Ligand code: SAH
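Numbering (this note's numbering), first residue to last: 1181 to 1445.
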């Protein structure tokens, strides 16, 4: 059995309980060494075989999994954040399916959630944006033309860019060309939730120079949008005058006073 497990965004205690249990029971662990906190491996049992996938190809990974399966062993494939985002798990799952090796997936805290937590932000603010766009700049991995940053930027929604820290010059150009005003708030969050986490705030127009100034070249997320500062509307869900399935609407203080006035007259 192969378990794909999300390691979480960095801090060793941000893995799920299920993920940690699977790690503790694994006979073989293949972890993404470039971004997974090695502290997570402390729970491994004695004799567990550990492989760092940073130096392996898909074929190498498959060979390890296949061998483990032949021997009746349990394997954990530990991916950074949540495996469903830029995790290259689909190709592994397809290979396993072909070989009729059973697998399942345990989700993790993605770094875009870790980054929001690190800066105390909410991506979906009423009156600001109700949409989060997750994307990346085209690098060696192509991005479909219809998803070019400048076309996504048209919406001026909240946006998180993965894998783009080395391409900020082009990124900021595309963001502005697409529609974000140059002074739109932006943040660069480096190693969110790791002990050496760093966060810097700037604007879309100053993304490139800010990253240069702080020597941030990788392992960072770029957050863009008005959710980062400024006005917003309060939520309907917790508004006293708004009824939900679980709570009747209360009178607002103003309405209450008005009624009291009326009753007196
Ligand atoms: N599956 C992962 C993403 C893997 S792609 C997830 O859900 O988070 C690798 C990219 O993710 C990095 O280049 C960087 O842009 C981002 N990243 C991963 N961990 C990060 C962290 N702790 N802080 C900031 N960015 C991170």
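Every residue, glycine too, gets a C-beta built ideally from N, C-alpha and C.
Computed from a prediction, not measured in an experiment: that's the story for all the values here.
Selection from the options that minimises the alpha carbon distance to residue i
i, options, result
"residue 1394", "1410, 1362, 1232 and 1370", "1370"
"residue 1230", "1212, 1238 and 1246", "1212"
"residue 1335", "1317, 1310, 1322 and 1324", "1310"
"residue 1397", "1228, 1368 and 1299", "1368"
"residue 1278", "1257, 1246 and 1201", "1246"
"residue 1239", "1226, 1274 and 1325", "1274"
Cβ-heavy atom distance, residue i to ligand 1, below 7 Å
i, result
"residue 1294", "yes"
"residue 1233", "no"
"residue 1215", "yes"
"residue 1259", "yes"
"residue 1263", "yes"
"residue 1266", "yes"
"residue 1342", "yes"
"residue 1330", "no"
"residue 1429", "no"
CA-to-CA distance, residue j to residue i, given in whole angstroms
i, j, result
"residue 1270", "residue 1280", "15 Å"
"residue 1292", "residue 1441", "50 Å"
"residue 1416", "residue 1426", "13 Å"
"residue 1428", "residue 1421", "8 Å"
"residue 1199", "residue 1182", "12 Å"
"residue 1255", "residue 1205", "9 Å"
"residue 1320", "residue 1241", "22 Å"
"residue 1234", "residue 1215", "9 Å"
"residue 1467", "residue 1404", "There is simply no residue 1467 to check, as the chain begins at 1181 and stops at 1445 in what is shown."
"residue 1383", "residue 1354", "14 Å"
"residue 1399", "residue 1438", "56 Å"
"residue 1267", "residue 1414", "36 Å"
"residue 1287", "residue 1197", "11 Å"
"residue 1250", "residue 1376", "41 Å"
"residue 1444", "residue 1430", "21 Å"
Proximity below 8 Å, CB of residue i to CB of residue j
i, j, result
"residue 1308", "residue 1418", "no"
"residue 1276", "residue 1207", "no"
"residue 1305", "residue 1407", "yes"
"residue 1248", "residue 1220", "no"
"residue 1374", "residue 1232", "no"
"residue 1209", "residue 1224", "yes"
"residue 1379", "residue 1299", "yes"
CB-CB length for residue i against residue j, believed under 8 Å
i, j, result
"residue 1365", "residue 1409", "5 Å"
"residue 1391", "residue 1345", "6 Å"
"residue 1343", "residue 1351", "The Cβ separation is near 11 Å, so there is no contact."
"residue 1189", "residue 1261", "5 Å"
"residue 1359", "residue 1259", "Contact doesn't hold; Cβ gap of about 33 Å is too wide."
"residue 1290", "residue 1265", "6 Å"
"residue 1332", "residue 1339", "7 Å"
"residue 1318", "residue 1356", "Actually they do not touch by this definition, with Cβ atoms about 17 Å apart."
Minimum Cβ-Cβ distance from residue i to chain C less than 8 Å
i, result
"residue 1273", "Any reference to chain C falls outside this structure, which holds one protein chain only."
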